[in-house]
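Top to bottom, those sequences are chains A and B. First residue of the first sequence: 20, per the working numbering; consecutive thereafter. First residue of the second sequence: 20, per the working numbering; consecutive thereafter. Just so you know, even glycine gets a beta-carbon here, dropped at the ideal spot from N, CA and C. Treat the numbers as computed from the prediction; the structure is a model and nothing was measured. First comes the structure, then the notes that go with it.
Number of protein chains: 2
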Amino acid sequence: MSNAELTVSSPLKRFRELTGQIKQYEEILGLVYWDMRTGAPRKGVEQRSEAVGALSAETFKLSTSEEMGELLQQLNKPEQLAELGEIDRRLVEETTKDYERNRRIPPDMYREYVVLTSQSESAWEEAKANDDFANFVPYLEKIIDFNRKFIELWGVKTTPYDTLLDMYEPGLTTEELDRLFGELRARLVPLAEQIASSGNRPDTSFLVGEFAKEAQKKFSNLILKEMGYDFEAGRLDESVHPFATGLNKNDVRITTRYLPDDLTSALFGTIHECGHALYEQNIKDELATTPLCTGTSMGIHESQSRLWENMVGRSFGFWSQYLPALKAHFPGQLDDVSTEAFYRGINVVEPSLIRIEADELTYNLHIMIRYEIEKMLFNEGLNPRDLPEVWNRKYEEALGVTPPSNAQGVLQDVHWSGGAFGYFPSYSLGNMYAAQIMDIARQEIPDLDDQIASGQLLPLKDWLTDKVYQYGKLQRPAEIIERISGKPLQSSYLCDYLENKYRDIYRLE
Amino acid sequence: MSNAELTVSSPLKRFRELTGQIKQYEEILGLVYWDMRTGAPRKGVEQRSEAVGALSAETFKLSTSEEMGELLQQLNKPEQLAELGEIDRRLVEETTKDYERNRRIPPDMYREYVVLTSQSESAWEEAKANDDFANFVPYLEKIIDFNRKFIELWGVKTTPYDTLLDMYEPGLTTEELDRLFGELRARLVPLAEQIASSGNRPDTSFLVGEFAKEAQKKFSNLILKEMGYDFEAGRLDESVHPFATGLNKNDVRITTRYLPDDLTSALFGTIHECGHALYEQNIKDELATTPLCTGTSMGIHESQSRLWENMVGRSFGFWSQYLPALKAHFPGQLDDVSTEAFYRGINVVEPSLIRIEADELTYNLHIMIRYEIEKMLFNEGLNPRDLPEVWNRKYEEALGVTPPSNAQGVLQDVHWSGGAFGYFPSYSLGNMYAAQIMDIARQEIPDLDDQIASGQLLPLKDWLTDKVYQYGKLQRPAEIIERISGKPLQSSYLCDYLENKYRDIYRLE
Numbered sequence: 020m021s022n023a024e025l026t027v028s029s030p031l032k033r034f035r036e037l038t039g040q041i042k043q044y045e046e047i048l049g050l051v052y053w054d055m056r057t058g059a060p061r062k063g064v065e066q067r068s069e070a071v072g073a074l075s076a077e078t079f080k081l082s083t084s085e086e087m088g089e090l091l092q093q094l095n096k097p098e099q100l101a102e103l104g105e106i107d108r109r110l111v112e113e114t115t116k117d118y119e120r121n122r123r124i125p126p127d128m129y130r131e132y133v134v135l136t137s138q139s140e141s142a143w144e145e146a147k148a149n150d151d152f153a154n155f156v157p158y159l160e161k162i163i164d165f166n167r168k169f170i171e172l173w174g175v176k177t178t179p180y181d182t183l184l185d186m187y188e189p190g191l192t193t194e195e196l197d198r199l200f201g202e203l204r205a206r207l208v209p210l211a212e213q214i215a216s217s218g219n220r221p222d223t224s225f226l227v228g229e230f231a232k233e234a235q236k237k238f239s240n241l242i243l244k245e246m247g248y249d250f251e252a253g254r255l256d257e258s259v260h261p262f263a264t265g266l267n268k269n270d271v272r273i274t275t276r277y278l279p280d281d282l283t284s285a286l287f288g289t290i291h292e293c294g295h296a297l298y299e300q301n302i303k304d305e306l307a308t309t310p311l312c313t314g315t316s317m318g319i320h321e322s323q324s325r326l327w328e329n330m331v332g333r334s335f336g337f338w339s340q341y342l343p344a345l346k347a348h349f350p351g352q353l354d355d356v357s358t359e360a361f362y363r364g365i366n367v368v369e370p371s372l373i374r375i376e377a378d379e380l381t382y383n384l385h386i387m388i389r390y391e392i393e394k395m396l397f398n399e400g401l402n403p404r405d406l407p408e409v410w411n412r413k414y415e416e417a418l419g420v421t422p423p424s425n426a427q428g429v430l431q432d433v434h435w436s437g438g439a440f441g442y443f444p445s446y447s448l449g450n451m452y453a454a455q456i457m458d459i460a461r462q463e464i465p466d467l468d469d470q471i472a473s474g475q476l477l478p479l480k481d482w483l484t485d486k487v488y489q490y491g492k493l494q495r496p497a498e499i500i501e502r503i504s505g506k507p508l509q510s511s512y513l514c515d516y517l518e519n520k521y522r523d524i525y526r527l528e
Numbered sequence: 020m021s022n023a024e025l026t027v028s029s030p031l032k033r034f035r036e037l038t039g040q041i042k043q044y045e046e047i048l049g050l051v052y053w054d055m056r057t058g059a060p061r062k063g064v065e066q067r068s069e070a071v072g073a074l075s076a077e078t079f080k081l082s083t084s085e086e087m088g089e090l091l092q093q094l095n096k097p098e099q100l101a102e103l104g105e106i107d108r109r110l111v112e113e114t115t116k117d118y119e120r121n122r123r124i125p126p127d128m129y130r131e132y133v134v135l136t137s138q139s140e141s142a143w144e145e146a147k148a149n150d151d152f153a154n155f156v157p158y159l160e161k162i163i164d165f166n167r168k169f170i171e172l173w174g175v176k177t178t179p180y181d182t183l184l185d186m187y188e189p190g191l192t193t194e195e196l197d198r199l200f201g202e203l204r205a206r207l208v209p210l211a212e213q214i215a216s217s218g219n220r221p222d223t224s225f226l227v228g229e230f231a232k233e234a235q236k237k238f239s240n241l242i243l244k245e246m247g248y249d250f251e252a253g254r255l256d257e258s259v260h261p262f263a264t265g266l267n268k269n270d271v272r273i274t275t276r277y278l279p280d281d282l283t284s285a286l287f288g289t290i291h292e293c294g295h296a297l298y299e300q301n302i303k304d305e306l307a308t309t310p311l312c313t314g315t316s317m318g319i320h321e322s323q324s325r326l327w328e329n330m331v332g333r334s335f336g337f338w339s340q341y342l343p344a345l346k347a348h349f350p351g352q353l354d355d356v357s358t359e360a361f362y363r364g365i366n367v368v369e370p371s372l373i374r375i376e377a378d379e380l381t382y383n384l385h386i387m388i389r390y391e392i393e394k395m396l397f398n399e400g401l402n403p404r405d406l407p408e409v410w411n412r413k414y415e416e417a418l419g420v421t422p423p424s425n426a427q428g429v430l431q432d433v434h435w436s437g438g439a440f441g442y443f444p445s446y447s448l449g450n451m452y453a454a455q456i457m458d459i460a461r462q463e464i465p466d467l468d469d470q471i472a473s474g475q476l477l478p479l480k481d482w483l484t485d486k487v488y489q490y491g492k493l494q495r496p497a498e499i500i501e502r503i504s505g506k507p508l509q510s511s512y513l514c515d516y517l518e519n520k521y522r523d524i525y526r527l528e
């Protein structure tokens, strides 16, 4: 033990204990949420929500305690900070940020909010199933009210919505997002128009039919294995809304949803969630028991899910390798489908109603709509009761489609029911990060495309572990993308990638 | 609000909050344990165990806090106690008992013990699978050492083992158990000998074969429905060692284990666990958020599982109703089996190695062996390393069988790996309680046997709800059995029941 370590050992030791305990409670809460979404009995949810509220409140109390405040004050002294190792320094920084944000929220208010969002998710599920926005809107109003109050307590950054954005993508502003989305729109909308008028719509008829759930499950499991998902450190379940959750780095669970008449929904959902899971399973061991053992931001997290789902899973090479196995899982159903036809079919571009089923190109338009609506809610005072109308109008304008029901419209996503306002932009950020990272991967692994085309997915996983996964929250999003690519996040990589891909698929000039 | 309520409202309110929080944390811990046993990924268990240790320690801290001590002191004043309602009075009593017991255990010692038992359960599972007692014994030694220390800290009641017994069956002593087991032995051993020499062994060949798991599952679900198990307040899963767990009264989960070559193992396991679950699902709503919302003792809990499993599930009437449905689930496999033959087959009496597969009669001998061994461990200093030898000798003496492996011997049960010493006697107590309760049920519901024989199981469930379930922990075991039968627990009901049943099945004089 060095002198430096001796000097700070006592407050540091206690700080590590306290943050470790927070991490442990978060692990347990994560398990409760996983359970609620994968099959907890309906009648038990109300009391479970209260229990979640109690434990969340305790976790919140730990993160805002006097003791935590004193430890942070001591550890943040420049002479102390200078003596900390990289991990502890970053841990102090992140914990200080949480502390300062959380201290502004009265504990009772926080607890009430947790119980509300936990009940609200169940209410959303029912509302979606019954196409019943009216029954859900009281929850939504309360959740939005809470968030408006949180913003006031935290302090408005430029605009109220900026305060929310910063939660999911530290440092991100509406100004930068407006610019990035503007650039995307300028290049992607014309591309979508060219595609629509090309007359070269791929055949997709073979993707619809009766696809036995058991065979879908088996094939999903096969692909997970190929991607290097560690089944001894995770499991695959079913839920209405697919998700991945890293309880600890050796227990990273994913869910999917098998549609009996759709070949690809569960499959690409599984690959997407596995991308999230690979990130969490491969964080370095030194971070395992700390709150840094998670993705660094929602945007970087989404970049990993979307890189695997789209840039690998929807590539020609991938299917030149795996189409024969897919055919073997559904004998007689895909016999006549060539790799080319399959590749084109799964990449059809079409304005649609449902975000999670959207193609890679129009997906970003779905995100922009949500981004604009969230800005309206928090910066312009939009009344939540008017959401269906605004939603449907924006879909008509941006995509030329009108939801026939709220279930297929404003009720389609779980996020708002859990209070996750400011989260949606992460998906498009993820697309941009992913394209930028994949561009570098292709430079640094010269035969990457050949590897994918021969079913060697592990070298890419290892490269991503080296460049992204291992760091968890140890580095900020901007640091990661700069270190990998030597540049800040840019929209051009995604636009270039999409233009190249779709020019080829749609045989554009 | 009455004056009385006003007087005590402030400490009572806080006491209710605190005990409510303990109940909430126990609910969450219960879910974590359920998850560990039903499919949590192997690699994540170590870190999860630490998290369980942290939350258990927090729960322990709440139950032993200065604040709790002060509240209990106030509420235990005779003038305060007199003003409390029935529920609060009993809550104060139970909480005081826990407080006084827990205060004697140093918190760090408790936490270490929780982590140990949590890891030890996984070690036991592996040891059992690999028939490797040597790898498990270090855990067992530590757990026994901890329990020996706990006993010292709690204070020895007559003998050290009495201190443990009291945990599971409040008030029970080795003296009384020695007497009860002596009475059972005196009547049941001669009965078992008569059976063995009768030459009338029932045919059991039809119970062995290939029984499709899916059909077993379907039939188990059918019986659960018939018994009135509420699937919206519970779920059925699989685990190595079947169990029931009441997380809250609206989330009571059961597990079973399907053996592909055994028709009845999963079935009777399911009925058994459902008996536990019916108890927990039907506790009155007023107790729902309190620590009184659970079974009053392990003995009473087991009485409910064993009443349903044996006195209902292994009765002639039950199968005169359900055998046709069972046959329909396994077409062609049981066509020639009459109700009489089936009834006799599932009630074959045979000395065997595995407790959970034992018949109703010799089952009690399995329990006595464990009871004697536990007494040796805690009252006579038996070395845990000598357990296999002692175990095998006792099986040879009492049942005439010698385990060919430790997996089928001393490693067969999960209990000791979790530190549950003093629990096993509950099973035989359960048999005795069950026989005594069922005797009264038959008097108070005159056509009970006809009801069962016509598939009307709900009147019995309702009667048990009225007499037992609704009270949860509101009444003590002795109060319950006295209220129902006008007598304390007696061994004669069980002996009479078994003699009648087996005289008929084995056609004894």
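>> Judging by CA-CA distance, which residue of B:C514, B:V259 and B:P496 is the nearest neighbour of K506 (chain B)?
In response: Position 487 of the second sequence, counting from 1, holds the residue named residue 506 (chain B). When C-alpha distances from K506 (chain B) are compared across B:C514, B:V259 and B:P496, the shortest belongs to B:P496.
> DSSP puts A263 (chain A) in a beta bridge; with which residues?
Replying inline: Taking the first residue of the first sequence as 1, we reach residue 263 (chain A) at position 244. Answer by DSSP bridge pairing, in chain order: A:I273.
> Opposite E257 (chain A) in the DSSP bridges: which residues?
Replying inline: Stepping through the first sequence from its first residue, residue 257 (chain A) is reached at position 238. E257 (chain A) pairs with A:T275.
> I think Q455 (chain B) touches S504 (chain B), with their Cβ atoms under 8 Å apart; what is that distance to the nearest whole Å?
Replying inline: Within the second sequence, residue 455 (chain B) is the residue found at index 436, counting from 1. Within the second sequence, residue 504 (chain B) is the residue found at index 485, counting from 1. About 5 Å; that satisfies the 8 Å criterion.
> Of all the CB atoms in chain B, is at least one closer than 9 Å to the CB of V71 (chain A)?
Replying inline: Within the first sequence, numbered from 1, the residue matching residue 71 (chain A) stands at position 52. Answer yes: the Cβ-Cβ gap between V71 (chain A) and chain B drops below 9 Å somewhere.
> How many angstroms separate the CA atom of V175 (chain A) from the CA atom of L159 (chain B)?
Replying inline: The residue you call residue 175 (chain A) lines up with position 156 of the first sequence. The residue you call residue 159 (chain B) lines up with position 140 of the second sequence. Taking the straight line joining both Cα atoms gives about 58 Å.
>> For a contact defined as C-beta to C-beta under 8 Å, what are the partners of G318 (chain B) on chain A?
In response: Your numbering for residue 318 (chain B) matches position 299 in the second sequence. Correct list: empty, because the minimum Cβ distance to chain A is about 26 Å.
> If you draw a straight line from the C-alpha of Y129 (chain B) to the C-alpha of L74 (chain B), how long is it?
Replying inline: Locating residue 129 (chain B) in the second sequence gives position 110, counting from the first residue. Locating residue 74 (chain B) in the second sequence gives position 55, counting from the first residue. Answer to the nearest angstrom: the Cα atoms are 11 Å apart.
> Would you say the beta carbon of D256 (chain B) comes nearer than 8 Å to a heavy atom of the ligand GTP?
Replying inline: This structure lacks the ligand GTP, and indeed carries no ligand of any kind.
> When you compare each of A:T182, A:S357, A:F155 and A:T177 to K168 (chain A) by their alpha carbons, which one comes out closest?
Replying inline: Mapped onto the first sequence, residue 168 (chain A) falls at position 149. The residue from A:T182, A:S357, A:F155 and A:T177 with its alpha-carbon nearest to that of K168 (chain A) is A:T182.
>> Let's test the definition: count the other Cβ atoms within 10 Å of the Cβ of R363 (chain A) and tell me whether it reaches 16, buried, or not, exposed.
In response: Counting from one through the first sequence, the residue named residue 363 (chain A) turns up at place 344. With 16 or more other Cβ atoms from the protein chains shown falling within 10 Å of its own Cβ, R363 (chain A) counts as buried.
> Apart from the five residues on each side of it in sequence, which residues of its chain come closer than 6 Å, Cβ to Cβ, to Q323 (chain A)?
Replying inline: Translated into the one-based positions of the first sequence, residue 323 (chain A) becomes position 304. Excluding positions up to five away in sequence, the list reads G294 and Y298.
> What is the DSSP secondary structure of T249 (chain A), reduced to helix, strand or coil?
Replying inline: Mapped onto the first sequence, residue 249 (chain A) falls at position 230. It should be pointed out that residue 249 (chain A) corresponds to Asp in this sequence rather than to Thr. Note: D249 (chain A) maps to coil in three-state DSSP.
> To the nearest angstrom, how far is it from the Cα of T315 (chain A) to the Cα of G104 (chain B)?
Replying inline: Position 296 of the first sequence, counting from 1, holds the residue named residue 315 (chain A). Position 85 of the second sequence, counting from 1, holds the residue named residue 104 (chain B). Distance between the alpha carbons of T315 (chain A) and G104 (chain B) is about 53 Å.
> Hey, how far is the Cα of P444 (chain B) from the Cα of P478 (chain B)?
Replying inline: Within the second sequence, the letter at position 425 stands for residue 444 (chain B). Within the second sequence, the letter at position 459 stands for residue 478 (chain B). Just so you know, the alpha carbons of P444 (chain B) and P478 (chain B) end up roughly 30 Å apart.
> List, in order along the chain, the chain B residues whose C-beta lies closer than 9 Å to that of E140 (chain A)?
Replying inline: Numbered from 1 along the first sequence, position 121 holds the residue referred to as residue 140 (chain A). Here the premise fails: no neighbours, minimum Cβ distance about 16 Å.
>> Strictly below 9 Å CB to CB, what residues from chain B border R254 (chain A)?
In response: The residue given as residue 254 (chain A) occupies position 235 in the first sequence. At a C-beta separation below 9 Å, R254 (chain A) has these neighbours in chain B: G58, A59 and P60.
>> If I measure Cβ to Cβ from T275 (chain A) and keep anything under 6 Å in the same chain, skipping five residues before and after, which residues do I get?
In response: On the first sequence, residue 275 (chain A) is found 256 positions in, with the first residue counted as 1. Within its own chain, the residues whose Cβ lies closer than 6 Å to the Cβ of T275 (chain A), once the five positions on either side in sequence are excluded, are P261, A285, G288 and T289, listed in chain order.
> Skipping 5 residues on each side, what residues in its chain have a beta carbon closer than 7 Å to that of E328 (chain B)?
Replying inline: Numbered from its first residue, the second sequence carries residue 328 (chain B) at position 309. Excluding sequence neighbours, E328 (chain B) sits near F287, I290, H291 and G294.
> Helix, strand or coil for D515 (chain B) per DSSP?
Replying inline: Taking the first residue of the second sequence as 1, we reach residue 515 (chain B) at position 496. Reduced to three states, the DSSP call for D515 (chain B) is helix.
>> With distance defined between alpha-carbon atoms, name the residue in B:I386, B:V367 and B:V368 nearest to R374 (chain B).
In response: Position 355 of the second sequence, counted from the first residue, corresponds to residue 374 (chain B). The residue with the shortest Cα to Cα distance from R374 (chain B) is B:I386.
> Taking three-plus beta-carbon pairs below 8 Å as touching, is the region 139-149 of chain A in contact with the region 177-197 of chain A?
Replying inline: Because the criterion of three Cβ pairs below 8 Å is not met, the region 139-149 of chain A and the region 177-197 of chain A do not touch.
> Does the region 116-135 of chain B touch the region 152-166 of chain B, meaning 3 or more C-beta pairs lie closer than 8 Å?
Replying inline: Touching, yes, given that three or more Cβ pairs across the two stretches are closer than 8 Å.
> For D378 (chain B), which residues from the same chain have a beta carbon less than 6 Å from its beta carbon, with the 5 sequence-adjacent residues on both sides left out?
Replying inline: Start at 1 with the first residue of the second sequence, and residue 378 (chain B) comes out as number 359. Taken in chain order, the residues that qualify are V368.
> Going straight from the alpha carbon of V356 (chain B) to that of V227 (chain B), what length do you get?
Replying inline: The residue given as residue 356 (chain B) occupies position 337 in the second sequence. The residue given as residue 227 (chain B) occupies position 208 in the second sequence. The C-alpha of V227 (chain B) is placed about 13 Å away from the C-alpha of V356 (chain B).
>> What does the alpha-carbon distance come out to for the pair Q489 (chain B) and D481 (chain B)?
In response: Start at 1 with the first residue of the second sequence, and residue 489 (chain B) comes out as number 470. Start at 1 with the first residue of the second sequence, and residue 481 (chain B) comes out as number 462. Those two C-alpha atoms are separated by around 10 Å.
> Can you list, in chain order, the residues of its chain whose CB lies under 7 Å from that of P370 (chain A), leaving out five sequence neighbours each side?
Replying inline: Counted from its first residue, the first sequence places residue 370 (chain A) at position 351. For P370 (chain A), where only same-chain residues beyond five positions count, the Cβ hits under 7 Å are T381, L418, G419 and V420.
>> Can you pull out the residues from the region 287-315 of chain A whose beta carbon lies closer than 8 Å to at least one beta carbon of chain B?
In response: Listed in chain order, the positions of the region 287-315 of chain A with a beta carbon within less than 8 Å of a beta carbon of chain B are A307 and T308.
> Given that a residue counts as buried once 16 or more other Cβ atoms are within 10 Å of its Cβ, and exposed if not, what is D469 (chain B)?
Replying inline: Along the second sequence, one-based indexing puts residue 469 (chain B) at 450. It is exposed - the Cβ of D469 (chain B) has fewer than 16 other Cβ atoms within 10 Å.
> In three-state terms, what does DSSP make of D466 (chain B)?
Replying inline: As a first step, residue 466 (chain B) must be located in the second sequence, where it is residue number 447. For D466 (chain B), the secondary structure class from DSSP, reduced to helix, strand or coil, is coil.
> Per DSSP, which one or two residues make a beta bridge with V227 (chain A)?
Replying inline: In the first sequence, counting from the first residue as 1, residue 227 (chain A) sits at position 208. A:D281, per the DSSP bridge assignment.
>> Between N240 (chain B) and chain A, is the shortest Cβ-Cβ distance under 9 Å, so that the two count as touching?
In response: The sequence position of residue 240 (chain B) within the second sequence is 221, counting from 1. Chain A contact via Cβ: absent.
>> Suppose only complete runs of 4+ residues qualify. What are the alpha helix (DSSP H) ranges in the region 308-340 of chain A, listed by chain order?
In response: Runs of the alpha helix (DSSP H) inside the region 308-340 of chain A: 317-325.
>> Counting only Cβ-Cβ distances shorter than 8 Å, please list the residues of the region 162-174 of chain A near chain B, keeping chain order.
In response: Result list empty, no residue passes.
> Which whole runs of the beta strand (DSSP E) in the region 194-220 of chain B are 3 residues long or more, in chain order?
Replying inline: Taking only runs of at least 3 residues, no beta strand (DSSP E) segment lies wholly in the region 194-220 of chain B.
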